[in-house]
Every structure is written in C-alpha cells, then in structure tokens.
Amino acid sequence: MRSSHAYLLFTATLLTALGYGATFLMTEHFRTLGGSEIETGKTLFGAMVGTLVGVPLVGWFAGRLGAARMASLGALLVAIGYALIAAQTAISPLLTIAGLFIGLGWGAFYLAAPLALSGRVTDQDRGFWFLRFGVFQMSGIGLSPIASTALINHLGLSTAAAFSVIAGACAVASAMLFSFEVISPRPRAAQNTEESTAWVRALPALVRSRALFPILMVGLGASVFTGLMTFQTSLIRGTTLEAGTYFGAYAITVVGSRFFLAPTLTKADSDRMAVLLLVLMSLGVGLAFGFPAGVLVQLASAITLGLGYGLVYSIIQTQAVNDAPSPLRSAALTWFVIAYFVGIFGFPMLGGWLIVHIGNHWFLVVVLSLALAELALALIRLAGRQKKVVSAAQ
C-alpha cells in the first residue's frame, strides 16, 4: 500500500473522529435545551444500540463491498446524526434517534477503517500502521471539542451550529473513504468473505485464546476514557478550570507520544508495556479526584491518561489481532470493537445517573475501579505467559 493512499485514509479518519469527539460537548448542548447529564446518557445509549447494529453490518458486508466503502457509509451516518441533533430546539426522543445514527455510523467506521488498513499491510507492519492510524483517530477525537469550543467562544456560533460544522466534516470524510477504496484496491486474500461472516461462531475459539484478554480490557478502558472525557464539564463545574484544557492536553499527549514513542512501543514487550501504561491510566483517574486543587492537577490527569490509555489502546488492539488464530483475526477485531463500544457508549448512561443522583466523587470511584480491573487483567495475562515460559524451560 502506498503511503499517499494510507494518509488519505488517515485524513478521513481524523475528520470522522471529529464526530466522536463532539460527543464530549453533548452535555453542554443539552443544557441549553433544558436537559442534563441524563440526556447525554440516553443519547449515547442510543449510540451504543446503533454500534451493536453497525459492527455486525461490517462483518457481513465488508468482504463483499470493501471495508473502506463501509467506513464511508459509517462517516455519512455520523454526519446525519449530528445534523439531526443540530436541528432540534428542545429535548425530545429524536435525540436518541440521532444518537442511534451516530452510533450506527461510528460503529461501522470504527471497525471498517482498521479492517481496510489491516488487509493492506503485513503482520510485521501492522503495529506500525495501527499506531499511526491511532494518532489521526485520537487527534480528531481530541481536536473536536477544542475546535467546537473555539467556534462557539470566538466566532459566536451556537452549539447547534458547531454540530452542523462537524456534520459537514464527516460528510467530506465519507467521500474521501469512498475514494480510498477505488484508488487502493484490496489484495485478493482480503476479499475473502468467509472470515467476516463467521465472527459470531468464532467467539468460543477466541475465548480459549489469549485474544480474550485485550477484548475484555478494551471495554474497561473505554469506560474509563469516556467517563473522564464525556463528563469533563461536569467534573470541573464549580471550579475555575476549563474543559478545553483537559481535551487539549490529552490530545497533544497522545499525538506526541505516539509519534515519538512508536519505535519503542513496537519493539517493547507488549504485555509488560501494557501493565506500565495501565498504571499510568489509573494514576490519571486518581488525579481527577484533585481537580478542585487547580489546573496543574487537571493537566497531570490529562497527560497521564493520554500516556496510559492513549498508548495502551494500540498495543491491545494489535494483541487482539495477532493473538487470535489466523483465520479468526477479523472476528477478533470485530469483538474487540464491540467490547469497546459497550464501554464508550454504554457507560455514560450509568455515569450520568451517578453524577446526577450520587455525585462526582462516587462517579470517580466507579471509574477508578474499572481502571484497576483492566490493570488486573493485564497482570493476569503477563503472569500466564511467564508461567508458560517457565513450564517450557523445564
């Protein structure tokens, strides 16, 4: 695959990721309509339902139509979802429908885009390209709330108008992804549909493999990430802090660390590195308890979360693919994405309820517990590998 083709895919990924990043501003938008964190949770629950439909659609049709075409359709559906949100002038059930479109589209894109990339690179290069793919994806996620806030604060746009701009960016991404499929044809091996249609039947075999660990871990980590990002404005309410500071520090940390640390990460022991990074992620959650202390604590939390979650995601994504039996790699990536979306879009419903009815402190206690659970799984995976090494040596 040519680098120029890859960066067409990466640019489209950045633009589509603006759509996910904009979910971090939903609470503020819904407040202008008379809502609260509860409405955010409901809308994102609709998004979770959408992803659980979108991901299987990719599994069934990517082999026939092309993964990049499915990613293109996904970006278009995200655009439709945000256009629908922007059109609403009051809290209504249509917001959940909009969330359904966003989830359906983001779910299709989130699986199809890496499938389109994975089918065009070798096993040896997959970690390298996945890291760079992740840089553009995280850049879009982190840039979106910053850019949207700038449009609102400096250009005087409403949150609805900012969401309209996001919808336009996703529509452009859709056209770019369709072009990528045309100019960068898939290898013959990648056009086999058997792999993509057997992801449900593959589950028992995946449960027996080491790929199970990263699949479970990504769901926990996604809950941690969405907890701190989606409800950042709620966590800093009553302080002098700004949510944009957190989003910006996180995005800069992820992008910078993935570019500069990529050679180290691809050569390092992935199991040991995952443990180290998850310690940092847990520290980032712990620091969130200290937000009232000031901006330095907020920055420290964003940076440690960016180093921890931002880097470990690509590592465990590669583990999920490479540790699965060779014929089941697309299935492993499908289940990895499903677990991710259960956390990303499912947790905010619980998180919104916790913040409204119990408070920020206990919300953060739950988030920290999830971070520590993911760390525990990484330690179990590492211990299991070391045990096999010792047994083989004897």
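Sequential numbering of the sequence shown, starting at 373, is according to this note's numbering. Heads up, the beta-carbon is just placed ideally off N, CA and C, and yes, glycines get one too.
| field | Spatial distance of A703 from G715 (CA atoms) | value | 19 Å
| query | Are the beta-carbon atoms of Y622 and L677 separated by less than 8 Å? | reply | yes
| request: Let me know the secondary structure DSSP gives G505 once reduced to three states. | output: The sequence shown places Phe at residue 505, not Gly. Here F505 sits in helix by DSSP.
| task | Rank M548, A522, S551, F550 by C-alpha distance to the C-alpha of V537 and give the top, closest one. | result | A522
| task | Would you kindly work out how many angstroms separate the C-alpha atoms of A534 and L575, rounded to a whole number? | result | 41 Å
| task | Between the Cα of L381 and those of P664, S546, G723, Q691, spot the shortest distance and give me the residue it belongs to. | result | S546
| request: Tell me, please, whether the region 500–507 touches the region 433–440 by the rule of three or more beta-carbon pairs shorter than 8 Å. | output: no
| task | Verify whether the separation of the beta carbon atoms of T605 and P664 is less than 8 Å. | result | no
| query | Can you check whether the CB of Y482 is closer than 8 Å to the CB of G593? | reply | no
| said: Could you tell me the alpha carbon to alpha carbon distance between E566 and H401, rounded to whole angstroms? | reply: Note that E566 scores 45 on pLDDT, short of 50, meaning its location in the model is unreliable and no value can be drawn from it.
| said: Among the candidates S516, A674, I730, T494, whose CA atom is the shortest distance from the CA of L655? | reply: A674
| field | Alpha-carbon to alpha-carbon, K759 and G413 | value | 42 Å
| query | Between which two residues does the alpha helix (DSSP H) containing L549 stretch? | reply | 531–555
| task | Report yes or no: do the region 472–486 and the region 384–404 share at least 3 C-beta pairs separated by less than 8 Å? | result | yes
| Expressed to the nearest angstrom, what Euclidean distance is found between the alpha-carbon atoms of L588 and V544? | 34 Å
| task | Helix, strand or coil for D495, going by three-state DSSP, please let me know. | result | helix
| field | Reduced DSSP category for T461 - H, G, I as helix; E, B as strand; rest coil | value | coil
| query | Going by Cα to Cα distance, which pick from F719, A755, C542 is closest to E409? | reply | F719
| message | Within a Cβ cutoff of 6 Å, which residues of the same chain sit near V430, ignoring the five residues on either side of it in sequence? | response | M442, A480, L483, A484
| query | Are the CB atoms of S464 and V693 nearer to each other than 8 Å? | reply | no
| field | Burial state of L445, where buried means 16 or more other Cβ atoms lie within 10 Å | value | buried
| task | Can you tell me which of the three DSSP states V572 falls into? | result | coil
| query | Does DSSP put G438 in a helix, in a strand, or in coil? | reply | coil
| request: Count the other C-beta atoms from every protein chain shown that fall within 10 angstroms of the C-beta of R436, then say buried if there are 16 or more, exposed otherwise. | output: exposed
| task | Would you check if the distance between the CB atom of S642 and the CB atom of Q691 is smaller than 8 Å? | result | yes
| said: Quick check on the burial criterion: 16 or more other C-beta atoms within 10 angstroms. Buried or exposed for D495? | reply: exposed
| field | Proximal residues to T617 (C-beta, below 8 Å), its chain only, five neighbours per side dropped | value | V667, Q670, L671, A674
| request: Compute the distance between the beta-carbons of A541 and L390, then report whether it is under 8 Å. | output: yes
| Apart from the five residues just before and just after L754, which ones in its own chain have a Cβ nearer than 7 Å to its Cβ? | D643, R644, V647
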